[in-house]
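Here the protein sequences line up with chains A and B, keeping their order.
Residue numbers are given in the working numbering: position 289 of the first sequence equals residue 289, and the series is strictly consecutive.
To get the working numbering, take the position in the second sequence, counting from 1, and add 1000.
For each residue, glycine too, the CB sits at the ideal point set by N, CA and C.
Working notes for the structure below.
There are 2 protein chains.
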Amino acid sequence: MPIHAPRLSREGYNLQRSVMRDLLRFAVDPNVISLAGGLPASECLPLDSLKECLDTVLTRDGPRALQYSPQHLGLRAWIADYMGSRGVSCTAEEVFITNGNQHGLAILSRLFLDPGQPAVIEEVTFTGIHQITGGRDAELRTVPTDLDSGVVVESFEEALKASPSPRLAVLITDFHNPLGVSIAEEKRAELARLAAKYEVPLIEDDPYAPLRFRGRPLLPIKAYDEAGMVFYLGSFSKMLAPALRLGWIVAPAELMPRITTLRESFDLESSTLFQRAVAEFLSQGLLESHLKQITGAHRERCDTMLGALEEHLSDVARWSKPDGGVFVWVYLPEGLDTTEMFHQAIERRVAYIPGGVFSVDGSTKNALRLNFSNVQPEAIEEGVARLADVIRAALQP
Amino acid sequence: MPIHAPRLSREGYNLQRSVMRDLLRFAVDPNVISLAGGLPASECLPLDSLKECLDTVLTRDGPRALQYSPQHLGLRAWIADYMGSRGVSCTAEEVFITNGNQHGLAILSRLFLDPGQPAVIEEVTFTGIHQITGGRDAELRTVPTDLDSGVVVESFEEALKASPSPRLAVLITDFHNPLGVSIAEEKRAELARLAAKYEVPLIEDDPYAPLRFRGRPLLPIKAYDEAGMVFYLGSFSKMLAPALRLGWIVAPAELMPRITTLRESFDLESSTLFQRAVAEFLSQGLLESHLKQITGAHRERCDTMLGALEEHLSDVARWSKPDGGVFVWVYLPEGLDTTEMFHQAIERRVAYIPGGVFSVDGSTKNALRLNFSNVQPEAIEEGVARLADVIRAALQP
C-alpha cells in the first residue's frame, strides 16, 4: 500500500539504529564462533527451578497471578534485604520494580533530564546509555575510563562542576559493559561525595555485580551515598534470566510517586506472575547455588579467554582482566579499525563487537568487545586464534 | 538519611499522579463493592492452559526461552493473520510486539510528538492517553465524544485541520474506556480518510475489541487505512491476561527499525518466554473457547448492571449501553460532583471512578465510570442500589 511518510519527532529521528545490529546479521552462520553476544551461560540458567516456581505461583495464587497488581511487596522486601547485604541500607518503600536496567535508565533519565540538557556519561560505555542521552538530545559531557580502575574521578568532577550544571550522570560500577573493568574501591566513596557536592543525580547501573567470580565483593557507590543523590539500578536479567524482564531502582521514598507515575505512563507495570515467581525462587533460597554454578562456568570461560589472548595476542594487544561479568575489552594497535576488520573476521568465521559501537564520539576504532559467558571453552580458544589471524593480517603493511 | 531534592525534568514534574490512585485507597475494605476496577473476569482467566503452555515452552525450547531473543516470528505471524481476519491486511513484518497498549502509546507518541507540539485526543478518555500527551507537554486539542456513536467526526476534522498541524491523534475504537461506547461503523472510513488527508498519524487504541459479547464485529479504522497513517494498537492484556504484558503495534514495515530502536531504548524487549507461551496457546486454538467463556460472563454482568441502573436510576441518570468491553459510563444531573460524592459512596460501601479523572479539562464532574467485568452479578445489583442511595441523597436540596 502507498505510504505517506509521517513526520517523526526529534527523538524518533535522532535515535540511531545500532551498527551492531547490522553487523550481527553476518554472525548467524552456525559455523561462526560468536564472541559478540552478551548472554549469561545458557546451560546454567535455572530452567527447572523457575518452571517449578511458576507452577507453584499459578497453583497457589490462582487468577491473582494473572491480573494487574501493585508491585510485589515480598520481592521489594527481598531486594531491600539483598541491598542491605551489599552495604546499602534501604527499605521496601525505597525499591521500585522495573523491566530491567534499561527500563530504569529510561525512567530516571526522563525524571531528571529535559531534552537538550547536559548529562555526564563515560566516553566508552553501553549503547543503551548512549540511547537514553542521545534520544533526549542531551548536551553530552563524556569522561574517560581507566582500564584498571574505572572512571577517571578528576575528569568526572570537571564534568560535574562545569556550567550549566548537568542534570544527571551515569556510571557502570562492576564489570563494565563493554570494558569489563570495575570502579576501584577507593574511588567509590569519592564518586558519591561528588554527586552530593554538585547535586547531580548519579545513576549507578550495576547489573553485573552478582556475577563476580573472583575477588572480594566491593560496596556499590550507593553504599557511600549519604545525600540521596545516587540512584541504584539492579537487574535479574543477568543474575537469573533475561526473559523475566525484572530489575529494580533504589531511590528515596519521596520520589516513588513520581517514579511510579512516570513508569505507568510507559507500560503500566511489570508482570505480577514473574514478580511472584522470582519472589518464590528467592524465598526458597535458590539464588546462592545458582550464582555459584553460573559464575563457576563464567570463570572457566573467562580464564580460557584470557589465556588464549595471552597466547595469541600478547605482543600486539592489551585487554581488561575482569573478576566477573561477561565481557573482556581488547585494545589493538593504533590505526587498526575493528569495524573495517569485521568483515574479514566473519570470513574467518569469528564475530565480536567493534569498539566504535560503544564509543560516544566514534573515536575508539582500535578496540573490540569479546563475550566469554555464553561460549564453550573450546570455541573460545578457537575463536581467539582465528581473531589473532585476522588481526595479524590487518597489521601487515 | 538527609536528602537533597534533585531537580526534576518537566516531564517528571508535570506528570500528574492519578487522583484515582488516592481515591482507591479507600476501596480496599472487603465490604466495599468495588465497581472501580478495570480487570477482566478473574474466574475466566485461562489459568490452567497458560500454565501448561509455559511448561510446554520451557520443556521444548529450554534455555532459549529464558534468554534475550528477537521478537517471536510465530506470534507476529499469528497477529498478522488475526488482523487479517478483522479486515486489516498486514504481514508479520508490520507487527511489533509491545508490553501492552500503554507501551504502544508511549512508543508511538515519542516517535511522532516532540514536547510542546499539538496532539488531538478525546475530551473524556483513558488516563493513560492523558499521560502520554501530558507527559510530553503537548498542546492539546480535545474533541467531544457522542455516547451512542463515539468521537464527533466534524470536531475531529476541525482539530486536524487547525494550524499548526497536529503531530498525532489518538482514538479508542471499541468499548471506549471509560465511555463504553464504540465508534459507529459509518464513521470509521471517514476517520481513516481524515488522517490521510491531513497527514496526521492516527493511533487507534483498541484493546477491548476482542471482548465483544453482543452484535456484529466492526472493522477497525485501520481496515480503511489506505495511506499508512493509522497505527493500530492491540493487546493480550484483556483478551488473555494482564500479567502477560504483551500487546502489538501494526505499522508500516519501513518504520519498524525506528520503532525497534525507540523501544529498545525504553526496555530492550518483551519476555520471550511469554511470547512463546502465548504463541503456543494461540497455535493450540485455545483462544476462541476462552473468549466465548469470558465474554459470556461479561455479558451477564453487563446486563445485570444495565438492568440495575434502569431499575434504580432511570429517572435521574443516563448511561452508555456497551456491546462489549468492561465499562459503563453514567451521566448524572448537572451540578452533582462525583468526586465530592466519592466519600459518601465509600461510607455506603460502594466504589466507582469519578468522571473527572478521565476529563482532560476536569469539567466532566457529573459522571462516573462503572466496571462490570470482575464483579459478581449479585454484588453488581447491590452496588448499583447503594450507588442510587448515594446519588439520591446528593440530589436532596
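The region 1348–1368 of chain B and the region 1282–1299 of chain B do not touch, with fewer than three beta-carbon pairs separated by less than 8 angstroms. Close CB contacts of G104/A within its chain, under the 7 angstroms cut and outside five residues either way in sequence, are with T98, L233, G247, I249 (chain order). The shortest CA-to-CA distance from E52/A to any of R76/A, F372/A, V278/A is the one to V278/A.
Take I391/A, set aside five residues on each side of it, and the residues of its chain with a beta-carbon closer than 8 angstroms to its own are L313, V316, A317, L332, L336, M341, in chain order.
The closest CA to that of L1244/B, considering only L1023/B, L1015/B, P1046/B, is found on P1046/B. Taking every protein chain shown into account, the CB of N1031/B has fewer than 16 other CB atoms within 10 angstroms, so this residue is exposed. Annotated as proximal: V1326/B and G1038/B, with beta-carbon spacing under 8 angstroms. Under the three-state reduction of DSSP, T1364/B is assigned to coil, being neither helix nor strand. By the 16-neighbour rule on beta-carbons within 10 angstroms, V360/A is buried.
Listed in chain order, the alpha helix (DSSP H) runs fully inside the region 5–74 of chain A are 10–14, 19–24, 47–61, counting runs of at least 4 residues. Cβ atoms of A138/A and A297/A stay farther apart than 8 angstroms, at about 38 angstroms.
The secondary-structure analysis by DSSP pairs W329/A across a beta bridge with R369/A.
Looking at the DSSP output, R214/A sits in no beta bridge, so it has no partner there. By a beta-carbon distance limit of 8 angstroms, G134/A contacts L15/A. Their separation comes to about 6 angstroms. With fewer than 16 other CB atoms across the displayed protein chains lying within 10 angstroms of its CB, R60/A is exposed.
DSSP places R188/A within a helical segment (H, G or I) once states are collapsed to three. If the five residues before and after D1303/B are omitted, its C-beta is found closer than 7 angstroms to no C-beta atom of its own chain. In this structure, DSSP gives G1383/B a helical state, which the three-state scheme calls helix.
The continuous beta strand (DSSP E) containing I1172/B extends over residues 1168–1172.
The alpha-carbon of R276/A is positioned some 21 angstroms away from that of M256/A. Assigned with DSSP and collapsed to three states, F1281/B falls in helix.
The three-state reading of DSSP puts F1231/B in strand, counting E and B together. Unbroken beta strand (DSSP E) stretches of 3 residues or longer found wholly inside the region 1065–1131 of chain B: 1095–1098, 1118–1122, given in chain order. At a Cβ-Cβ threshold of 8 angstroms, D1323/B and R1167/B do not count as neighbours. Boundaries of the alpha helix (DSSP H) around L262/A: 256–267.
Membership of D303/A in the alpha helix (DSSP H) is indicated by the continuous run 287–313. DSSP places L1194/B within a helical segment (H, G or I) once states are collapsed to three.
T173/A and G100/A have their C-alpha atoms spaced approximately 16 angstroms apart.
Distance from the CA of R1141/B to the CA of V1357/B, rounded to the nearest whole angstrom, comes to 18 angstroms. The alpha-carbon of E1254/B is positioned some 19 angstroms away from that of H1072/B.
Excluding residues up to 5 positions away in sequence, S1149, G1150 lie with their Cβ nearer than 7 angstroms to the Cβ of A1184/B in the same chain. The region 224–241 of chain A makes contact with the region 194–214 of chain A; the number of CB pairs closer than 8 angstroms reaches 3 or more. With a cutoff of 8 angstroms on beta-carbon distance, Y224/A and A251/A are scored as not near each other. At a Cβ-Cβ threshold of 8 angstroms, D29/A and Q1102/B do not count as neighbours. Interface annotation for the region 1085–1113 of chain B against chain A: N1099, G1100, Q1102, H1103, A1106, R1110, L1111, F1112, L1113, criterion Cβ-Cβ distance under 7 angstroms.
For K1161/B, the closest Cβ of chain A is not nearer than 8 angstroms.
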